[in-house]
Amino acid sequence: MLSLDQLITFFNRDRAATAEPREESRTFTARCHCGNIEYSIVLPASSLPLNGYICSCTLCRYSHGSFGSFHVSLTQGVAPEWTNGTINMSVYKTKGSEPGGHGQRWFCPTCGSHNGHYEPWAMQWIADSSLFEENFWEIKGFGFPKSPGDGGLVSWLPESVSKGMKMLTMDRDFPPEDKIEIGEDGGERLRAECQCGGVSFTIKRPSDAVRNDEYLSRFVAPGNPNKWKAYLDFDKETRRLASVLFMPWALIPRTSLEPEVPSDLLIGTMKTYEASDKITKGFCGRCGAVMFIKNKDGSPSEQSEVLNVAVGNFRAPEGAKATNWVQWRSVPEREKEQIGFDSQFANDIIEGQKAWAVEQYGKTLEFDII
């Protein structure tokens, strides 16, 4: 049972659903990357901004491929107004799913963008906030902060920001007991798997062949030949593709995945979406988790293909950031200046990650990612 304070922070229970007579209303539109799903909501101006929150439970992390989902609970009585009059979405039902929507996640069957879900116990729609054109919320809460095991995204928030956020923890807020696997060659393997298990593979450490390759060696972490490069992606197109404010990617050669992922990315329940003539997204067709981004310009040959692999799906024993397997680049100023969506909170994450990097590595790391 949530307290009144938690209901206000995470479910906006202190906000009105309809405008008073002669009061202004505001309309906000959300759209997935391909445009197959588009809807609008109408809110009274006096209720704005709503409270938003981040959830880093395993369901949200492993169904998005990120460090958590970015949610805004629409006020009780407010529902999406679907542009085409229908709800054209795929629905993933977890093992604990209940009638009416609890435990379900909805995503576009074409591009894989998550749209949110309906919580019957709260009688409210929970929207994935990153698909909206305009920001109408302030992030005030963080759910399941213990689940990532290493602090996850919370450890990348400045203390001045995290202290002002309400933390929601429950008896199931604990990290999974993941273990490193061993391959037939005796080398370590890191499991990456979506929420439903339909897409699952392991990651090798950089081999001598990779480290000695003129092209592939570029993706080995500088100064640490046993780790891969990783970075935070705040690009506008990525935000719509992944339904999150940013994506955490590791840059890994396709041939360093086991079993080797084919060039068309189609393994298990994987579906692909051509986001552009150069960019292909690979996502689980059953639970919607982002697994890969493949850039046709990013590799000189098929055997040298390097994939953006979603770190949110990694099952690293040390925690969600998988610091025993990757080194994290800090976002450079030139990229920071291009962020337009929820820029203040994005900048908070960027500055917090830089402070974490100094503590972790002794300095911020900046390196090429192409």
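First residue of the sequence shown: 14, per the working numbering; consecutive thereafter.
Beta carbons: idealized from backbone N, C-alpha and C, even for Gly.
**Asked** Among the residues of its own chain, which have a CB less than 6 Å from the CB of Asn25, if the five just before and after it don't count?
**Response** Leu63, Asn64, Ser86 and Thr88
Alpha carbon of Ala29 to alpha carbon of Ala58, nearest angstrom = 10 Å
*For the segment 45-129, list the alpha helix (DSSP H) runs that are entirely contained and at least 4 residues long, ordered along the chain.*
71-77
Secondary structure at Glu151, three-state DSSP: helix, strand or coil? strand
Closest to Ile385 by C-alpha separation, out of Glu318, Ser269, Leu270 and Glu271, would be which residue?
It is not possible to answer for residue 385, since the shown part of the chain is limited to 14 through 383.
_Is it buried or exposed, Met102, if we count other Cβ atoms within 10 angstroms and call 16 or more buried?_
buried
Under the DSSP definition of a beta bridge, which residues are partnered with Ser239? What sits at residue 239 in the sequence shown is Asn, not Ser. The partner list for Asn239 (beta bridge, DSSP) is empty, contrary to what the question assumes.
Beta bridge counterpart(s) of Arg204 as assigned by DSSP:
Thr215
Compute the Euclidean distance between the alpha carbons of Val174 and Asp184, then round it to the nearest angstrom.
-> The C-alpha of Asp184 is placed about 25 Å away from the C-alpha of Val174.
TODO: Give me whichever residues DSSP pairs with Ile352 in a beta bridge.
DONE: Paired residue(s): none; Ile352 is not in a bridge.
**Prompt:** In chain order, which continuous runs of the beta strand (DSSP E) of length 3 or greater are located wholly inside the segment 156-187?
**Reply:** If we require 3 residues or more, the beta strand (DSSP E) runs fully inside the segment 156-187 come out as 179-181.
Open item on the list: Classify Lys192: buried if its beta carbon has 16 or more other beta carbons within 10 angstroms, exposed otherwise.
Closed with: Counting C-beta atoms within 10 angstroms of its own C-beta, Lys192 has fewer than 16 neighbours from the protein chains shown and is therefore classed as exposed.
Exercise for the section: Could you give the DSSP three-state label for Ile363: helix, strand or coil? Expected result: Residue state, collapsed to three classes: helix.
(Q) In chain order, what are the residue ranges of uninterrupted beta strand (DSSP E) at least 3 long that sit wholly in the segment 244-309? (A) Entirely contained in the segment 244-309, the beta strand (DSSP E) runs reaching 3 residues are, in chain order, 260-266, 283-287, 292-297 and 303-308.
| task | Would you list the one or two residues that DSSP bridges to Trp138? | result | Note: Trp138 sits in a beta bridge opposite Tyr131.
Exercise for review: Below 7 Å CB to CB, which residues in the same chain sit around Lys309 once its five sequence neighbours on both sides are set aside?
Suggested key: Lys291
Range of the contiguous beta strand (DSSP E) that encloses Ala323: Note, Ala323: beta strand (DSSP E), Val319 to Ala323.
(Q) In this structure, how does DSSP classify Thr42 when only helix, strand and coil are distinguished? (A) strand
From the DSSP output, which residues share a beta bridge with Gln340?
-> Checking the DSSP bridge columns, you'll see Gln340 partnered with Lys242.
- Contact between the segment 253-273 and the segment 368-377: three or more CB pairs below 8 Å? In this structure the segment 253-273 does not lie against the segment 368-377, because fewer than three pairs of beta carbons, one per stretch, are closer than 8 Å.
Q | Residue(s) in a DSSP beta bridge with Glu194 | A | Arg202
Within 10 angstroms of its Cβ, does Ser126 collect 16 or more other Cβ (buried), or is it exposed?
buried
**Message:** Tell me the DSSP secondary structure of Phe23 in three-state form.
**Reply:** helix
Kindly confirm or deny that the segment 32-41 and the segment 104-111 touch, where touching means at least three C-beta pairs closer than 8 Å. no
Inset, instruction - Would you check if the distance between the CB atom of Leu166 and the CB atom of Gly81 is smaller than 8 Å? - result: yes
**Report entry** Exposure of Pro313, with buried meaning 16 or more beta-carbon neighbours within 10 Å
**Finding:** Classification of Pro313: exposed, given that the 10 Å Cβ count is below 16.
Practice problem: Evaluate Asp18 with the Cβ neighbour count: other Cβ atoms within 10 Å of its Cβ, from every protein chain shown; 16 or more gives buried, anything less gives exposed. | Solution: exposed
- Across which residues does DSSP place Phe145 in a beta bridge pair? Ala43
Practice task
Compare the beta carbon distance of Ile265 and Leu320 with 8 Å and say whether it is the shorter of the two.
Solution key: yes
Checklist entry - By Cβ distance, which residues of its chain are closer than 6 Å to Lys307, with the 5 residues on each side in sequence left out? => result Excluding residues within five positions, the ones whose Cβ falls inside 6 Å are Thr293 and Leu320.
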